[in-house]
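Inspection log for the structure reproduced underneath, given as structure tokens.
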Amino acid sequence: MTLHDAYDPNNIFAKILRGEMPSMKVYEDDVALAFMDVFPQSEGHTLVIPKQVEARNLLDMPSDYLGSYVQRVQKVARAVEAALSPDGLVVSQFNGAPAGQTVFHLHFHIIPRWEGKPLGRHASGGMATAEELEPIAKRIRAAL
Ligand code: 5GP
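Residue 50 in numbering that gives the first Met the number 0 sits at position 51 of the sequence shown; the count goes up by one each step and never skips.
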């Protein structure tokens, strides 16, 4: 698998975009969808994915779509900050499996951090339940 393989329309985030798989949404417009990461590395771990494009990673993303998409990433990051008052916020993005990418539809992670609280493992921690995620998602939605 390389950085420039063909986009797989059956990746999990494409299915979420088509409504074929559930997700705990916090924000959606014509440009992007944001939802809770189901294997959160910290409380409030949120993903923001672009709509309208079949981009596996940042390198694939048509630059005309990038500005509006990154605006949504910032908008959601600000809401996560307002909702959860973390001490810091990781905004990260991986390109290709060797770099840590596990789902091949472009996405940014928004991961709140608190002093002294260790970061959970990437894409391999425990799966959060809807009951755990919903109250956090509700607070983020209220801040948007
Ligand atoms: P990557 O490893 O590609 O940078 O990030 C993929 C992220 O998607 C991981 O943090 C992982 O926990 C999350 N993830 C994987 N499958 C699902 C899923 O079915 N639903 C949600 N909400 N997140 C997922």
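Using N, Cα and C, we set each Cβ at its ideal position, and we do this for glycine too.
- For alanine 33, DSSP records a beta bridge to Tyr26 and Val47.
- Rounded to whole angstroms, the Cβ separation of tyrosine 68 and valine 30 is 6 Å, and the two are in contact under 8 Å.
- DSSP lists no bridge partner for arginine 71.
- Taken in chain order, the complete beta strand (DSSP E) segments of 3 residues or longer contained in the region 92 to 142 are 107 to 112.
- Comparing alpha carbon positions, the residue from Gly124, Gln40 and Val75 closest to arginine 138 is Val75.
- Of the candidates Glu130, Leu105, Arg140 and Ala122, Leu105 places its Cα closest to the Cα of alanine 13.
- Here the region 124 to 138 makes contact with the region 30 to 47; the two share three or more CB pairs at distances below 8 Å.
- At the C-beta level, tyrosine 64 and valine 52 come within 7 Å of one another.
- Per the Cβ contact rule, the region 109 to 119 is in contact with the region 44 to 59 (3 or more Cβ pairs under 8 Å).
- Between isoleucine 11 and valine 72, the C-beta spacing is not below 7 Å.
- Within its own chain, the residues whose Cβ lies closer than 6 Å to the Cβ of leucine 143, once the five positions on either side in sequence are excluded, are Tyr26 and Ala78, listed in chain order.
- Within the DSSP secondary-structure output, glycine 18 pairs in no beta bridge.
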